[in-house]
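Q: Below is the structure I would like to discuss, written out as structure tokens.
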Amino acid sequence: MAKILIRGGKPLNGSIKVSGAKNAALPVMAATLLSTEPVILKNVPDLNDVNTMARVLQALGVKWSKIGSGEYSFDASGDISEEAPYELVKTMRASFFVMGPLLARLKKVRVPLPGGCAIGVRPVNIHLKGFEALGAKVSIEGGCAVAVADRLIGNKIMLDFPSVGATENLMMAAALAEGNSSIENAAQEPEIVDLANFLNAIGAKITGAGSPVIKIEGVERLGGAHYSIIPDRIEAGTFMVLGAIGGGTVKVEKCEPEHQHALINKLREMGAKLEIHSDMVEVSALDGLKGVEVKTLPFPGFPTDMQAQLMVAMCVARGTSSITETIFENRFMHVSELARMGANVNTHDRTALIHGVELLKGAPVSATDLRAGAAMVLAGLIAEGRTEISQVYHIDRGYEDLVGRLKKIGADIERIEDPEIDE
Ligand code: EPZ
Numbered sequence: 000m001a002k003i004l005i006r007g008g009k010p011l012n013g014s015i016k017v018s019g020a021k022n023a024a025l026p027v028m029a030a031t032l033l034s035t036e037p038v039i040l041k042n043v044p045d046l047n048d049v050n051t052m053a054r055v056l057q058a059l060g061v062k063w064s065k066i067g068s069g070e071y072s073f074d075a076s077g078d079i080s081e082e083a084p085y086e087l088v089k090t091m092r093a094s095f096f097v098m099g100p101l102l103a104r105l106k107k108v109r110v111p112l113p114g115g116c117a118i119g120v121r122p123v124n125i126h127l128k129g130f131e132a133l134g135a136k137v138s139i140e141g142g143c144a145v146a147v148a149d150r151l152i153g154n155k156i157m158l159d160f161p162s163v164g165a166t167e168n169l170m171m172a173a174a175l176a177e178g179n180s181s182i183e184n185a186a187q188e189p190e191i192v193d194l195a196n197f198l199n200a201i202g203a204k205i206t207g208a209g210s211p212v213i214k215i216e217g218v219e220r221l222g223g224a225h226y227s228i229i230p231d232r233i234e235a236g237t238f239m240v241l242g243a244i245g246g247g248t249v250k251v252e253k254c255e256p257e258h259q260h261a262l263i264n265k266l267r268e269m270g271a272k273l274e275i276h277s278d279m280v281e282v283s284a285l286d287g288l289k290g291v292e293v294k295t296l297p298f299p300g301f302p303t304d305m306q307a308q309l310m311v312a313m314c315v316a317r318g319t320s321s322i323t324e325t326i327f328e329n330r331f332m333h334v335s336e337l338a339r340m341g342a343n344v345n346t347h348d349r350t351a352l353i354h355g356v357e358l359l360k361g362a363p364v365s366a367t368d369l370r371a372g373a374a375m376v377l378a379g380l381i382a383e384g385r386t387e388i389s390q391v392y393h394i395d396r397g398y399e400d401l402v403g404r405l406k407k408i409g410a411d412i413e414r415i416e417d418p419e420i421d422e
């Protein structure tokens, strides 16, 4: 239905504001199911995924309304259904985050298993094993994960992998369990800390979020709160890469530099100049960039969600770079799209080898998933000539008004709404 059209090569200069974090807003919205009093969330990004989560919550019985820019109220004090709607869950796997709170509140829950997606199979076995550790009986029925428990009893939960979603789902389930729980080998992402801070704001007793061991002391009930979502570190990182390749200086505002150490270090290693302020990072690389090696890892390692975007910088860096993607099994779909623009990238298993070229050339390309789509926008902005990006609905899931914000720093970019274009 829509395409993004870019005429590349314009030097990009100016300030760009970062929105609230999609991957914090989604679990925090799911956590409002635990509250028996109204909750106000601020700095919520205006994204398709946020709208989908709001519709899932509404279908479950949560009353919500948008009360201002980025501000929403949620009221889950009424009757709540134990079954999440398949039609909505299948469109966004993050809907699976409702399973933990529904199990905690209702002691029975039925959530459609989220399908895989372009970047991988994305199973939920770690989530389900954790629910069993808390005393739930878990089964798969008709494509749904079903969990039932007389009581949820606090326990020690060891994660086979520091899964972000499993850590979040299990923190929410354990918050109302009887007794104490610990999640070991927990994910340490800033979004985990944001969810723990929100849960504590509504009365939970959680310590250790952001470390590999999270401790949760179960409580009887959870109330209301006013809470503001952290800045989106992946959106901020996307704009930092743009500062390093855009031929000018980009000030990334309303970000949290503390969440960006791995990326900041890599960009500096490539030769970019980054000035760090309390909530702003100024990025340029007027002498160009040199190739580096990167391996994606759980936080605080280099984030998989920044892999496609950094690859664009590597495509035009001097020398050879490599990226090893250790988190998802199929997250190199942007490679073939970049090759259409003249990039020199070869992949073997989970490693991509990138040989820098002088210049990328504009071409018609596709957004194959959310972060790959963002990478294609970056590539189009620095390429010579015209780039047309299709399937931009992927980008709309995670970037609010990307075209409008890029125009403000000098990009020759526009969005074409064309009903004739099949997705
Ligand atoms: C979250 O997904 C993010 N999404 C992803 O961002 C991000 O890439 C990912 O964390 C890793 O940082 C949201 O927060 C909404 P995982 P999640 O569970 O929770 C395997 C974006 O672009 N695994 O940490 O699904 C899984 O297959 C998105 O914003 C199991 O095997 O990620 C994957 O290989 C993309 N069993 C790895 O762990 C499980 O039960 C990491 O998955 C769960 C996960």
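Heads up, the final residue of the sequence shown is numbered 422 in numbering that gives the first Met the number 0, and it's a clean run with no missing numbers.
Just so it is clear, CB atoms sit at the ideal spot from N, CA and C, and this is done for glycine as well.
Here the structure is a predicted model, which means the values were calculated and not measured.
By DSSP, does Ile263 sit in helix, in strand, or in coil?
A: Correct three-state label for Ile263: helix.
Q: Taking only heavy atoms of the ligand MN into account, decide whether any of them is closer than 7 Å to the Cβ of Ala173.
A: Because the ligand MN does not appear in the structure shown, any question about it cannot be addressed here, the ligands present being the ligand EPZ.
Q: In whole angstroms, what separates the C-alpha of Asp304 from that of Arg6?
A: Using only the alpha carbons, I get a separation of about 26 Å.
Q: May I ask you to list the residues that DSSP assigns as paired with Ser94?
A: BP columns for Ser94 are empty, so no partner.
Q: Residues in its own chain within less than 6 Å of Ala208 by CB, not counting five upstream and five downstream?
A: Excluding sequence neighbours, Ala208 sits near Ile191, Val192 and Ala195.
Q: In chain order, what residues of the same chain lie with their CB nearer than 6 Å to the CB of Phe73, ignoring the 5 residues before and after it?
A: Cβ within range, chain order: Thr31, Val38, Val61 and Trp63.
Q: Give a yes or no on contact between the segment 199-207 and the segment 229-236, applying the rule of three or more CB pairs nearer than 8 Å.
A: Not touching, per the Cβ criterion.
Q: Nearest to Ser227 by alpha carbon, out of Met332, Ser34 and Glu70?
A: Out of Met332, Ser34 and Glu70, Glu70 has the C-alpha closest to the C-alpha of Ser227.
Q: According to DSSP, is Asn154 helix, strand or coil?
A: Residue state, collapsed to three classes: coil.
Q: So, with DSSP's three-state summary, where would you put Glu422?
A: In this prediction, Glu422 has a pLDDT of 47, which is less than 50 and means its spatial position is unreliable; what the coordinates show is noted afterwards. DSSP places Glu422 in coil when its eight states are reduced to three.
Q: If we ignore side chains and look at the alpha-carbon of each, how far apart do Lys294 and Val43 end up?
A: About 30 Å.
Q: If you pair each beta-carbon of the segment 134-141 with each one of the segment 384-402, do three or more pairs fall below 8 Å?
A: Touching, no, given that fewer than three Cβ pairs across the two stretches are closer than 8 Å.
Q: Compute the beta-carbon to beta-carbon distance between Ser180 and Ala173, rounded to the nearest angstrom, for a pair I have assumed lies under 8 Å.
A: That belief holds up - the Cβ atoms of Ser180 and Ala173 are roughly 4 Å apart, short of 8 Å.
Q: Nearer than 7 Å: is that true of the beta carbon of Pro100 relative to any heavy atom of the ligand EPZ?
A: Checking every heavy atom of the ligand EPZ against the Cβ of Pro100, none is found closer than 7 Å.
Q: Under three-state DSSP, which class holds Lys107?
A: Residue state, collapsed to three classes: strand.
Q: What does the alpha-carbon distance come out to for the pair Leu105 and Arg220?
A: The straight-line gap from Cα to Cα measures roughly 12 Å.
Q: Between the C-alpha atoms of Arg349 and Gly153, what's the straight-line distance to the nearest angstrom?
A: Their Cα atoms are separated by approximately 38 Å.
Q: What three-state label does DSSP hand Thr350 in the structure shown?
A: In this structure, Thr350 counts as strand in the three-state DSSP scheme.
Q: With three or more beta-carbon pairs closer than 8 Å as the criterion, would you say the segment 210-218 touches the segment 18-33?
A: No: fewer than three Cβ pairs fall under 8 Å.
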